[in-house]
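**Student:**
Residue numbers (the working numbering), protein chains in the order written: chain A, 18 to 414; chain B, 18 to 414.
#1: Give me the DSSP bridge partner(s) of residue 346/B.
#2: Decide yes or no for the touch test of the region 379–398 of chain A against the region 301–317 of chain A: beta carbon pairs closer than 8 Å, at least 3 of them.
#3: Can you tell me which of 177/A, 191/A, 189/A and 134/A puts its alpha carbon nearest to the alpha carbon of residue 166/A?
#4: Which term fits residue 296/A, buried or exposed, when burial requires 16 or more other beta carbons within 10 angstroms of its beta carbon?
#5: Can you check which of these residues, 369/A, 388/A and 381/A, is closest to residue 197/A by C-alpha distance?
#6: What first and last residue would you give for the alpha helix (DSSP H) that runs through residue 368/A?
#7: Quick one: Cα of residue 85/B to Cα of residue 48/B, how far?
#8: Using a cut-off of 7 Å between C-beta atoms, extract the partners of residue 124/B located in chain A.
#9: Which residues in the same chain have their Cβ closer than 6 Å to the Cβ of residue 18/A, if we skip the five residues on either side of it in sequence?
#10: Since residue 234/B meets chain A, which of its residues come closer than 8 Å, beta carbon to beta carbon?
#11: Could you give the C-beta distance for residue 211/B and residue 228/B, rounded to a whole number, given that I count them as a contact under 8 Å?
#12: On a CA-only basis, which of 118/B, 400/B, 137/B and 213/B is nearest residue 8/A? Give me that one, please.
#13: For residue 410/B, does the count of other Cβ atoms within 10 angstroms reach 16, so buried, or fall short, so exposed?
#14: Going straight from the alpha carbon of residue 200/A to that of residue 193/A, what length do you get?
#15: So that I know if they touch, is there some Cβ in chain A lying closer than 8 Å to that of residue 241/B?
#16: Considering residue 1/B, what are the terminal residues of the beta strand (DSSP E) in which it resides?
#17: Using DSSP with H/G/I as helix, E/B as strand and the rest coil, what is residue 116/A?
#18: What do you get for residue 102/B, buried or exposed, if any count of 16 or more other CB atoms within 10 angstroms of its CB means buried?
#19: For residue 132/A, which residues from the same chain have a beta carbon less than 7 Å from its beta carbon, with the 5 sequence-adjacent residues on both sides left out?
#20: Can you give the Cα-Cα distance for residue 328/B and residue 153/B, rounded to whole angstroms?
#21: Near residue 126/B, what residues of its chain come up, given a Cβ to Cβ distance below 6 Å and the 5 sequence neighbours on each side ignored?
#22: Using a Cβ-Cβ cut-off of 8 Å, state whether residue 265/A counts as contacting chain B.
#23: Taking 8 Å as the threshold, find out whether the region 233–253 of chain A comes into contact with the region 268–275 of chain A through three or more Cβ pairs.
#24: For residue 249/A, go through chain B and note every residue whose CB falls closer than 8 Å to its CB, in chain order.
#25: Buried or exposed for residue 298/B, going by 16 or more other Cβ atoms inside 10 Å?
#26: Under 8 Å, Cβ to Cβ, is there at least one residue of chain B near residue 346/A?
#27: For the structure I just gave you, are there three or more beta carbon pairs, one from the region 254–272 of chain A and one from the region 215–224 of chain A, closer than 8 Å?
#28: Which residues in the same chain as residue 326/A place their Cβ atom closer than 7 Å to its Cβ, once the five residues preceding and following it in sequence are excluded?
#29: Could you run through the region 42–72 of chain A and flag, in chain order, every residue whose CB is less than 8 Å away from some CB of chain B?
#30: Would you check if the distance between the CB atom of residue 365/B and the CB atom of residue 255/A is smaller than 8 Å?
#31: Does residue 420/B have its Cβ less than 8 Å from a Cβ in chain A?
#32: Would you kindly work out how many angstroms separate the C-alpha atoms of residue 141/B and residue 156/B, rounded to a whole number?
#33: For residue 274/B, which residues does DSSP report across the bridge?
#34: With a threshold of 8 Å between beta-carbons, can residue 159/B be considered close to chain A, or not?
#35: Cβ closer than 9 Å: which chain B residues qualify as neighbours of residue 350/A?
#36: Please tell me whether residue 20/B has its Cβ less than 8 Å away from any Cβ of chain A.
Pasting the structure below:
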C-alpha cells in the first residue's frame with residue numbers, strides 16, 4: 018500500500034534553476050508562462066482546480082530575480098502550501114478562505130483583481146518587469162487574454178516564447194527521466210496485466226479497466242487507455258467498447274498515465290491465437306522500422322532523419338508505401354513535446370531528450386498494429402525507459 | 018469482471034432528438050457545436066485523441082435535416098465506427114488510414130482541408146447552411162478560429178448559442194440521469210472504500226489511490242481525487258500529498274469520475290477519532306445549509322434563492338458570516354453546467370435538471386469540511402443520486 022515518496026521537491030528546484038540559466042541567454046528579460054506544463058516546470062505548482070475544469074488559468078512570471086504567480090483566489094492557499102511565497106501570488110476572482118490565524122494572505126485576496134489579465138499585469142509589475150522585453154507563451158494564451166495583456170502593459174515589448182520554453186524543457190533532468198521511466202513502466206505494467214486477462218470473450222472495456230487499475234495501483238492517473246480489437250484495432254485513437262475478443266483478432270494497446278505530472282505513452286500489439294503470416298510479416302516490418310530508429314538515435318541526429326529512416330526500413334520490410342505523419346514525439350510534462358519525429362523537423366537530438374518512438378500501421382477493414390516505446394537519449398545512443406519485449410504477443414485462444 | 022453494458026446508443030438518439038426539437042424554436046437555422054460536451058450531446062461522438070491532448074478540434078453542424086461533423090482525419094474512422102455516416106464527416110489535416118476494402122472513406126480524407134475553419138465551413142455548406150443564421154458555441158471557439166470562420170462564411174449571420182446549448186442540455190433525459198447516478202455512486206463508493214482504509218499513518222495519496230481504484234473497478238475514469246487531511250483540508254482543490262493522517266485530523270474528500278462521458282462530484286468529511294465540539298458544531302451548520310437546499314429545491318425555485326437559503330441557514334447554525342461564491346452547480350457532460358446556484362442566477366429549477374449541492378467551509382490553519390451530493394429535480398422536489406449518509410464520519414483512531 019505504501020507509495021514511493023515523490024522526488025518532486027528537489028526536482029522543482031532543479032527545473033527552476035535550469036529555466037533561470039536559460040533565461041540569462043534569452044532574447045527577453047523575463048518570461049510569462051501560461052500552459053499547465055510550463056507553469057509546473059517554472060514553479061512546481063499544479064492547479065487541481067485547473068485540471069478538473071480543463072483550463073489553465075494560473076500564470077508564472079519569471080525574471081532573473083523573482084518568480085510571481087498569478088491565478089484564481091482558489092489556487093492561492095494550495096500554492097502557498099506547495100511552497101510559493103505569500104508575496105509571490107497575485108489573485109483574481111472570488112473565492113473565500115477563512116482563517117484561524119493572522120498570517121493567512123489568502124483570506125485577503127478576494128477580488129484583488131477582476132480577471133486573469135489584470136492579475137498577470139500586476140504580477141509583471143511586482144516582478145519589476147513592466148517596462149521590459151517579455152517572452153510570452155503565446156501558444157497557451159487565448160486571444161482575448163493576449164489583447165488584454167497588451168493593453169494592460171503598454172510599455173512591454175512582447176516576444177513569443179512558446180518554442181523557447183519547449184526548448185528549455187526538451188533536455189530532461191535526471192529526476193524527470195526517473196519519473197518518466199516510472200510513468201512508462203506503469204503503462205507497460207497495465208499492458209502486461211491486460212494481456213494476462215485477455216482471452217476470447219473478454220471485452221475491450223474490460224481490458225481497458227485492467228490497464229487503468231494497474232496504473233492507479235502504482236500511483237498513476239490513467240489518461241488514455243486505447244484498447245482496440247479486431248477491425249477496431251485499425252481505428253487509431255478510439256474509445257474502448259464492449260466488443261468481445263475472438264480468435265484471430267488483433268489486440269492493440271496505446272495507453273498512458275500521469276505520474277507526478279509526467280506522461281507515458283506506450284503501445285503494444287497482440288494476436289488472439291497464432292499470428293497469420295500476413296500479421297507476422299506486417300508486424301516484423303513496423304518493428305524493424307522502430308528498431309532502426311532506436312539503433313540510429315543519438316546526439317546530433319536530426320529528428321527528421323529518424324523519420325526518414327523509420328519509413329525507409331518499414332517499407333523495405335515489405336510495407337510499401339508506409340505513409341505516416343510522424344514516427345515519434347518528445348514526452349515529458351506534455352504528452353507531445355518538441356521535437357516531433359517528422360519531415361522537416363531538423364532539430365538534432367541532444368543527450369537527455371526523452372521520446373516515444375512508434376511506427377503504427379492502420380488498415381481499415383483489416384486491423385492495426387503498433388509498438389511504441391519510451392527512451393532517453395544518452396551520450397552515444399538511447400536508453401529505453403521500458404522493460405517489455407517488443408515482439409507480437411500471441412494470447413492463448 | 019463484466020461491466021454493465023453502456024446505455025449510450027439509445028441515449029445518443031434521444032439527445033439528438035431533443036436538440037432537434039429545441040432547434041425548431043431557436044432564433045437561428047442551425048447550430049455549430051464546438052465543446053467536447055456539446056459535440057457528444059449532438060452526435061454521440063467523443064474524440065479520444067482530443068481527450069488525450071486536452072483540445073476539442075471536432076465540431077458538429079446541426080440543421081433540422083442533417084448533422085455534419087468536421088474534425089481531424091484521425092477522428093474520421095473512429096467517428097464512422099461510432100455511427101457517423103461517411104458523407105457526414107469533413108476532415109482536415111494529415112493522418113493515414115490504409116484500407117483493405119473499397120469503401121473506406123477515411124483513406125481518401127488526407128489533406129481534404131488544411132485546418133479546422135476550412136473543414137467547418139465545408140461542413141456548413143454540406144449541411145446547406147452557408148447562407149443561414151447560425152448559432153455558434155462561442156464559449157468554446159478560440160478567437161483565431163472564430164475570425165477564420167467569419168471570413169470563410171461571409172453570408173452567414175452568427176448568433177452566440179453557448180447559453181442556448183447549455184439550456185438544451187440542462188434538463189436531463191432518463192438515460193442521462195441513470196449515467197449520472199452510476200457516476201455519483203462510483204464516487205461515493207470510492208469515498209466509502211477510502212474511509213475503510215483510513216487510519217492514523219495512512220497518507221492522503223494512499224487514500225486518493227483507493228478512491229481512484231474503486232472508480233476504475235466500476236468502469237469510471239478518475240478525474241479528480243481531492244483527499245486532504247488536517248490543516249490541508251482547508252485548501253479547497255489541492256493535490257493529495259504524502260501527509261499521513263493523525264488522530265484529531267479532519268479528512269475531506271471531493272472526488273469525481275467520468276462514466277460514459279458523465280461526471281460525478283461528491284464530497285464528504287470525516288474526523289480521525291472523536292469529533293471535537295467545534296468540529297461537530299461547524300459541520301452541523303454546513304449540513305443544515307445543505308439539507309435546507311435539498312428540502313426547498315423543486316421546479317420553479319430560482320437557483321439564486323437556494324443560494325440565499327443555504328447561506329442563511331448555515332449562518333443561523335452558528336457559522337456567520339458564511340461567505341461563498343456558489344452553493345452548487347448543474348452537472349452532466351460537463352462537471353460545472355448551468356444553472357449555477359449563486360447570487361444573480363435567477364433561472365428557475367426544472368424537472369430533470371441535475372445538480373451537485375454543497376456548502377463547503379475552509380478555514381486556513383484549522384481545516385475544511387464539506388458535504389456535496391448529486392440529485393435530480395423531480396416533479397415536486399428532488400431525488401438524490403447517491404446513497405451515502407451525510408453525517409460527519411468518525412474514523413477509529
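Ideal Cβ positions, reconstructed from N, Cα and C, are used throughout, including at glycine.
**Tutor:** Reading it off the structure:
#1: Numbered from 1 along the second chain, position 329 holds the residue referred to as residue 346/B. The partner list for residue 346/B (beta bridge, DSSP) reads 357/B and 373/B.
#2: yes
#3: Residue numbering aside, residue 166/A sits at position 149 when the first chain is read from its first letter. Checking every option, the nearest Cα to that of residue 166/A belongs to 134/A.
#4: Taking the first residue of the first chain as position 1, residue 296/A is located at position 279. Classification for residue 296/A: buried.
#5: Here residue 197/A refers to the residue found at position 180 of the first chain. The candidate whose alpha carbon is nearest that of residue 197/A is 369/A.
#6: Reading the first chain from its first residue, position 351 is the one you call residue 368/A. Segment: none, residue 368/A is in no alpha helix (DSSP H) and carries neither H nor E.
#7: Working through the second chain from its first residue, we reach residue 85/B at position 68. Working through the second chain from its first residue, we reach residue 48/B at position 31. For residue 85/B and residue 48/B, the distance between alpha carbons rounds to 11 Å.
#8: For the purposes of this step, residue 124/B is taken as the residue at position 107 of the second chain. Correct list: 381.
#9: For the purposes of this step, residue 18/A is taken as the residue at position 1 of the first chain. A caution first: residue 18/A carries a pLDDT of 37, below 50, which makes its placement in the model too unreliable to give a value.
#10: In the second chain, counting from the first residue as 1, residue 234/B sits at position 217. In chain order: 226 and 230.
#11: Position 194 of the second chain, counted from the start, is the residue given in the question as residue 211/B. Position 211 of the second chain, counted from the start, is the residue given in the question as residue 228/B. The Cβ separation is near 5 Å, so the contact holds.
#12: The structure shown does not extend to residue 8/A, since chain A spans only 18 to 414, so no value can be given for it.
#13: If you number the second chain from 1, residue 410/B lands on position 393. When all chains shown are included, residue 410/B counts as buried.
#14: The residue you call residue 200/A lines up with position 183 of the first chain. The residue you call residue 193/A lines up with position 176 of the first chain. Roughly 10 Å between the two C-alpha positions.
#15: Taking the first residue of the second chain as 1, we reach residue 241/B at position 224. At least one chain A Cβ lies under 8 Å of residue 241/B.
#16: Given that chain B is displayed from residue 18 to residue 414, the structure contains no residue 1/B and the question cannot be resolved.
#17: As a working mapping, residue 116/A is identified with position 99 in the first chain. The answer is strand: DSSP assigns residue 116/A an E or B state.
#18: Taking the second chain and counting its residues from 1, one reaches residue 102/B at position 85. Exposed: under 16 other Cβ atoms inside 10 Å.
#19: Along the first chain, read from residue 1 onward, the residue named residue 132/A stands at position 115. For residue 132/A, where only same-chain residues beyond five positions count, the Cβ hits under 7 Å are 109.
#20: One-based indexing of the second chain puts residue 328/B at position 311. One-based indexing of the second chain puts residue 153/B at position 136. Going by the C-alpha atoms only, they are around 36 Å apart.
#21: Counting from 1 along the second chain, the entry for residue 126/B is found at position 109. Counting only Cβ-Cβ distances below 6 Å, and skipping sequence neighbours, we find 90, 93 and 108.
#22: In the first chain, counting from the first residue as 1, residue 265/A sits at position 248. Output row for residue 265/A: interface = no.
#23: yes
#24: The sequence position of residue 249/A within the first chain is 232, counting from 1. By Cβ distance, chain B contributes 98.
#25: Taking the first residue of the second chain as position 1, residue 298/B is located at position 281. Burial call: exposed.
#26: In the first chain, the residue the question calls residue 346/A occupies position 329. Closer than 8 Å: no.
#27: yes
#28: The count along the first chain starts at 1 and reaches residue 326/A at position 309. 309, 310 and 313, listed in sequence order.
#29: 63, 64, 65, 66, 68, 69, 70 and 71
#30: Mapped onto the second chain, residue 365/B falls at position 348. Mapped onto the first chain, residue 255/A falls at position 238. No, these two residues do not count as a Cβ contact at 8 Å.
#31: Outside the modelled stretch of chain B, which goes from 18 to 414, sits residue 420/B, for which no answer is possible.
#32: For the purposes of this step, residue 141/B is taken as the residue at position 124 of the second chain. For the purposes of this step, residue 156/B is taken as the residue at position 139 of the second chain. Residue 141/B and residue 156/B: Cα-Cα distance of roughly 19 Å.
#33: As a position in the second chain, residue 274/B is number 257, starting the count at 1. According to DSSP, which records beta bridges pairwise, residue 274/B is partnered with 239/B.
#34: Position 142 of the second chain, counted from the first residue, corresponds to residue 159/B. It does: the Cβ of residue 159/B has a partner Cβ on chain A nearer than 8 Å.
#35: Position 333 of the first chain, counted from the start, is the residue given in the question as residue 350/A. Correct list: empty, because the minimum Cβ distance to chain B is about 12 Å.
#36: Indexing the second chain from 1 puts residue 20/B at position 3. For residue 20/B, the predicted model reports a pLDDT of 43, less than 50, meaning its position is unreliable and no value from the coordinates is stated.
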